[in-house]
Amino acid sequence: MDTATLDYLRTIAKRLDSAKHGEKSPIVELAAAYLCCSNKQVYQLLKDAGLTTPRKTRTDKGESIITRAQAELIGGMILVATRANGKQILSVTDAAEMLKAQGKIPDVAVSTILRALKAYHCHPSQLATPTAHVTQRSLHPNHVWQIDASVCVLFYLPKGGLAVMEQKEFYKNKPANVKKIEKERVIRYVVTDHYSAATYVEYVMGAESSENLTQVFLNSIQRRDANDPMHGVPNILVMDKGSANLSGLFLNLLDRLGVEHIEHAAGNSRAKGQVEKHNDIVECKFESRLSFLNIRSLDELNAYCTKWRAHFNANAVHSRTRQTRNAIWLTITNQQLRLAPSLEICRELVTTKPKTVKVRGDLTITHTVKGYANQAYDLTHLPDIYPKAEIDIVVNPYRAPDIDVTWLDTVYTISPVETDAAGFAIHAPVIGVQMIAKPESQADSNRKAMMKAAYGADTESEVDKARKQKQAAYVGTVDAMADVDNSYSDGNVPNVITKAAQTVDTSAHVASREVKPYTHVEAAMQLRGLLGSQWTSDHFADLQKQYPQGVPHSAINEIADRIVMGKPVTYLKAVNE
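If you count the sequence shown from 1, position 132 lands on 226 in the working numbering, and the numbers rise without skipping.
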């Protein structure tokens, strides 16, 4: 294209840019006549020269006849009708037809609806995308462990040995076959250390139960062979919300060991994605070998698994660390490694709850830890402790027979009192050598202060002196009769008119009352006390003769008077006889 034609086209392009609606056609026709070509060729020449006027943006660009609320309704219907496995059983076309029939959305093409759904991010493919997740980190080996159980879907273990679960025998349409081998199914437990990805695997029989979970966890934290270094108690254990995981006994074990337990939300298996992935690794890299082995028992299966696991942890390079799992786990420091107690103590911890005991007068308590003798523990150093205080105690699993004492919302670890050959505390004061008093408790201080205030004293000796002199307490401060006096002054104790009454005649009762007479010996003792040396053996013989049935109480004084006057002892008849 020559320069003259290009300059002319630039002029035409400027005129077209400034032309109003309806004025462009005459300009193009004039240019076509001048250049001896058609209108279409004029537009082509302008395009070739790069002078094409851009098309004006539509005023309704970005708008849709389908509103956001309508798009959300369509997307919501499809979302609700989608199965748990992700299968979409309601199409956009069917959902649109339902809503068109009800007048909920305009009668437009499905393509228009699809564009609107994508624009509003309500399209089924957009709704099916997973929620963005955050990748978390742990700080060191044994900081965080993850545990998960999975039913082995490939094999079961009857008495005859490991058997393959054939697809044609065991599938959803034959539940009876699955039920038949329910107790023979093998459960695989996988435990991983989040920091190093070191793995512990153990197979159990039956089902996911708290007993199996406890057994596997206790085995995983114990020290094993040198080629299997992963051991110790983790700080945190992440698991799902299965009934076995949340059983009271297992959670009690974790609490006693000082393990924080985190249960992720249902359906969020990514929260423990590491152990989920290692379940897959075990299935692919270990269980794929079982078809070529003759396994007869669970112990044999676990023996093969232990051998494979040691090989895997020692040689498999992790993609995150670029090192083997054992190499990373072995970076754990002494401060980070919490050695597990013995299996005997661990099993006791499963059912151990804090025990409430009372403090003895010498500020000690006694407690028996399984595997150790009964021990005494001195609580003197606990703040504000006092006799008969109630405290909670439980064995410290890492320092047995030390115990953890909970007092004033603080936990103290107490060691047993050291004793000598005679059983005395070696730190007790020696008699005649030293005198050591226990620290004064808050109750002691309060008691002394109250007694001083009660008697207006400055010292304890003044209090003792006032009490010895029977002085009244709180003189001038407390009126012990105030409530009684107020009742009289307020008229709460009215005068009562005495009513006429009958006198009770007790003479008949008194006269008829009989008292058991003295025996001869008792009577002789009474008379001897009254007469002294005047009482003789002859008098005793007369007494026995005159009173063969015993001597009445009323006759003693009269008999004594007769003896004093020199008269013989004679039988005195009672008045009523």
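Every residue, glycine too, gets a C-beta built ideally from N, C-alpha and C. Please read these numbers as outputs of a predicted model, since none were measured by experiment.
Looking at the backbone, the Cα of Ala522 and that of Asp393 are separated by about 54 Å.
Following the DSSP letters along the chain, one finds Tyr398 inside the alpha helix (DSSP H) bounded by residues Leu392 to Asn409. Rounded to the nearest angstrom, the gap between the Cα atoms of Glu296 and His227 is 30 Å.
Counting along the chain, the unbroken beta strand (DSSP E) around Leu331 starts and ends at Ile330 to Met333.
In the pairwise beta carbon analysis, the region 509 to 525 is classified as touching the region 468 to 486: at least three pairs are separated by under 8 Å. The Cβ atoms of Thr613 and Gly644 sit closer than 8 Å to each other. Note that the C-beta distance between Ile315 and Val298 is not below 8 Å.
Within 10 angstroms of the beta-carbon of Leu233 lie fewer than 16 other beta-carbons, which makes it exposed. Between Arg282 and Ser341 a beta carbon distance of about 19 Å is seen, past the 8 Å cut, so the two are scored as non-contacting.
Per DSSP, the beta-bridge partners of Trp239 are Asp287 and Leu331. Between the beta-carbon of Asn321 and that of Ala408 there is about 7 Å, and that keeps the pair under the 8 Å contact cut. CA-CA distance, Leu140 to Ala210, rounds to 36 Å.
Where Thr450 is concerned, the enclosing beta strand (DSSP E) starts and stops at Lys449 to Lys452. Of all C-beta pairs linking the region 193 to 208 to the region 161 to 176, three or more are shorter than 8 Å, placing the two stretches in contact. Membership of His461 in the beta strand (DSSP E) is indicated by the continuous run Thr458 to Thr462. Taking 8 Å as the cut-off, the beta carbon of Glu354 is found closer than this to the beta carbon of Asn329.
Separation of Thr223 and Asn179 (C-alpha to C-alpha, rounded to the nearest whole angstrom) is 14 Å. In the three-state reduction of the DSSP assignment, Arg414 falls in the coil class, being assigned neither a helical nor a strand state.
Per the Cβ contact rule, the region 384 to 400 is not in contact with the region 410 to 423 (fewer than 3 Cβ pairs under 8 Å). Counted as a single uninterrupted DSSP element, the beta strand (DSSP E) harbouring Ala470 occupies residues Asn468 to Asp472. The beta carbon of Cys216 sits closer than 6 Å to the beta carbons of Ala165, Glu166 and Gly169 from its chain, once the five residues preceding and following it are set aside; these are given in chain order.
Only exposed fits Glu484, as fewer than 16 other CB atoms lie within 10 angstroms of its CB. In the same chain as Leu100, and ignoring 5 residues on each side of it, the C-beta atoms closer than 7 Å to its own belong to Ala143, in chain order. As a beta-bridge residue in DSSP terms, Ile485 pairs with Val451. Contact annotation, Pro611 with Pro646: C-beta distance approximately 5 Å; criterion of less than 8 Å satisfied. Glu381 is classed as buried because its beta carbon has at least 16 other beta carbons within 10 Å across all chains shown. A Cβ-Cβ contact shorter than 8 Å links Leu621 with Ala654. Rounded to the nearest angstrom, the gap between the Cα atoms of Val310 and Pro235 is 19 Å. DSSP places Ile121 in no beta strand (DSSP E) but in the uninterrupted alpha helix (DSSP H) bounded by Lys118 to Leu129. If you compare the alpha carbons of Leu347, Ile389 and Ile241 with that of Lys335, the shortest gap goes to Ile241. The beta carbon of Leu348 lies closer than 6 Å to those of His355 in the same chain, with the five residues before and after it left out. Collapsing the DSSP output to three states places Ser583 in a helix.
Approximately 54 Å separates the beta-carbon atoms of Ala175 and Leu145; this is outside 8 Å, ruling out the contact.
The closest CA to that of Thr400, considering only Lys559, Val463, Asn313 and Cys440, is found on Asn313. When the beta-carbon positions are compared, Pro491 and Leu443 come within less than 8 Å of each other.
Note: Trp501 is bridge-paired with Thr504 in the DSSP secondary-structure output.
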